[in-house]
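The block underneath contains the structure these notes are about, expressed in C-alpha cells.
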Amino acid sequence: MRQAGRYLPEYRKIRSQTGGFLDLCYTPELAAEVTLQPIRRFGFDAAILFSDILVVPHGLGQAVEFRENEGPVLKPVRSESELSFLSAEGLLDRLAPVYETVRRVKSELPPETALIGFAGAPWTVSTYMVEGGTSRDFSKVKGWALRAPKEFARLIDLLVDATVDHLVAQADAGADAIQIFDTWAGVVPAGLFAQLCLEPVRTIARKFKEKHPDVPIIAFPRGAGLQYTRFIRIREIDGLSIDSAVPPAWAKQELQISVTVQGNLDSIALLEGGTTMRTEATRILEEMSAGPFIFNLGHGVLPATPPEHVAELVEFVRSWRR
Ligand code: CP3
Numbered sequence: 016m017r018q019a020g021r022y023l024p025e026y027r028k029i030r031s032q033t034g035g036f037l038d039l040c041y042t043p044e045l046a047a048e049v050t051l052q053p054i055r056r057f058g059f060d061a062a063i064l065f066s067d068i069l070v071v072p073h074g075l076g077q078a079v080e081f082r083e084n085e086g087p088v089l090k091p092v093r094s095e096s097e098l099s100f101l102s103a104e105g106l107l108d109r110l111a112p113v114y115e116t117v118r119r120v121k122s123e124l125p126p127e128t129a130l131i132g133f134a135g136a137p138w139t140v141s142t143y144m145v146e147g148g149t150s151r152d153f154s155k156v157k158g159w160a161l162r163a164p165k166e167f168a169r170l171i172d173l174l175v176d177a178t179v180d181h182l183v184a185q186a187d188a189g190a191d192a193i194q195i196f197d198t199w200a201g202v203v204p205a206g207l208f209a210q211l212c213l214e215p216v217r218t219i220a221r222k223f224k225e226k227h228p229d230v231p232i233i234a235f236p237r238g239a240g241l242q243y244t245r246f247i248r249i250r251e252i253d254g255l256s257i258d259s260a261v262p263p264a265w266a267k268q269e270l271q272i273s274v275t276v277q278g279n280l281d282s283i284a285l286l287e288g289g290t291t292m293r294t295e296a297t298r299i300l301e302e303m304s305a306g307p308f309i310f311n312l313g314h315g316v317l318p319a320t321p322p323e324h325v326a327e328l329v330e331f332v333r334s335w336r337r
C-alpha cells in the first residue's frame, strides 16, 4: 500500500503538474502512470491502483477536498437528515475514470504482476465522513454510533452497498485482487466491533464473491488486536493484512492456519534501512515464510523514506532463504 506516495520523485513531479490530488485520481492517463511507476522502479509482485478510499463519499455526493499539508477535508455528515443528501445512484458513473484507470493499468502491466483494487471499509470511511477529515479522538463518529446505533447503521449500510458496487466495478475492469482497508478498526469500542467492522466487511465480501468468486479478498482491520481472529471465520476472506503491532508468532498460530497473512514490517524500519531493516524483516520471514504469506509493510511507506531502502528490501526479501 502507498507505493506511489510522496517518497518517489517521479510521483512528486506528476503531482506538482496536476491540479489537486482528486484530479490526479480522476485522470486515467496520469493515475495509470503513477500506479505503474513503482512497478517499473522496483518490480513488485503486485501493483496497487492509484486512487483513494475517499472517492466513495465523493461519488455519493459529499464535498471532499485534499488540502496541501492538511489532508482530506469533507463537509461533515452528522445527522439522518444530512445523510439523506447522499445517494448511491450515479456512483459508478462518477467513478468511471477509476475503472478506466484499472483497464489502462491492466493493459500495461506485465502479465505476472497482479493489480490490486481497493476500497475503505465502511467504518473507516464513515470516520472521515462524520468527522470531516482526519481525527484525533473520533468523538463525533463514535458519539453518533454509541448514541443512536440504528440511525448510524443507515450510514454503514449505504457504504456497504456503495463499496460492493465500487469493488465489483474494479474487478469487472480487470483488478486481480481487492483489499479492504479498515485503517481505524482499532478505535472501535469492543461492544460495537461486530456491528461496525466485522459484519459490514463480511457482507461486502459475500456480495462481492457472488459476482467474482475467483477474485481474492484481503481484509486489513488495522489495530484490531485480538479481534483479528474473528476475520478468519469469514469464508470469503482469502487474506488478512496485519499491522506492525501483531506478533508474527501469534499470527502464524492463530491466523495463518486458515488464511494467507500479509504484513507487517514497521514503516520506520524501512525508513531506517540497512541492518535495522534487515533484522526486522528477518524476524517476520522466519516466522511466516513456511505458510501462505505475502511480505508487506504493516502500513504505508512514509514520505521521507529513501527509495533506495525500498529497492534494498525487495532484493533482501527475494533472496532470503531459511
Ligand atoms: O500506493 C498508493 O498510493 C495507492 C493508493 C492509495 C492512496 N490512498 C493514495 C494517496 C491508497 C491504497 C490509499 C488508501 C487510503 N487513503 C487509506 C487507507 C490506508 C491507510 O493509509 O491507512 C486512508 C485512511 C486514506 C485517506 C487519506 N488519503 C488521507 C488521510 C490522506 C492524507 C494524509 C496522507 O497520509 O497523505 C490521503 C492522501 C493520499 N492518498 C496520498 C496518496 C498518495 C498523498 C496525497 C498527496 O500526494 O498529496
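Quick note on this note's numbering: the sequence shown kicks off at 16 and runs consecutively. Ideal Cβ positions, reconstructed from N, Cα and C, are used throughout, including at glycine. Computed from a predicted structure; not experimentally measured.
The continuous stretches of beta strand (DSSP E) do not include I257, and DSSP gives it neither H nor E. Runs of the beta strand (DSSP E) lying entirely within the segment 290-324 and spanning at least 3 residues, in chain order: 308-312. The Cβ atoms of C212 and P231 lie no closer than 8 Å to each other.
With a beta-carbon spacing of about 6 Å, A62 and T50 fall inside the 8 Å limit used to define contacts. When Cβ pairs closer than 8 Å are counted between the two stretches, the segment 263-282 is seen not to touch the segment 23-33, the count staying below three. Residue state for G135 is assigned as strand, using DSSP reduced to three classes. For D197, the pairing in a beta bridge is given by DSSP as P236. Counting C-beta atoms within 10 angstroms of its own C-beta, N84 has fewer than 16 neighbours from the protein chains shown and is therefore classed as exposed. Two segments are said to touch when three or more pairs of C-beta atoms, one from each, lie closer than 8 Å; by this definition the segment 245-253 does not touch the segment 282-297. Membership of F81 in the beta strand (DSSP E) is indicated by the continuous run 79-82. Distance from the Cα of E269 is smallest, within the candidate group F246, S259, W159, for F246. A contact is defined here as three or more CB-CB pairs under 8 Å, and the segment 136-143 meets this definition with respect to the segment 198-208. Linking S273 to K157 through their CA atoms gives a straight-line distance of about 32 Å. Boundaries of the beta strand (DSSP E) around L280: 275-280.
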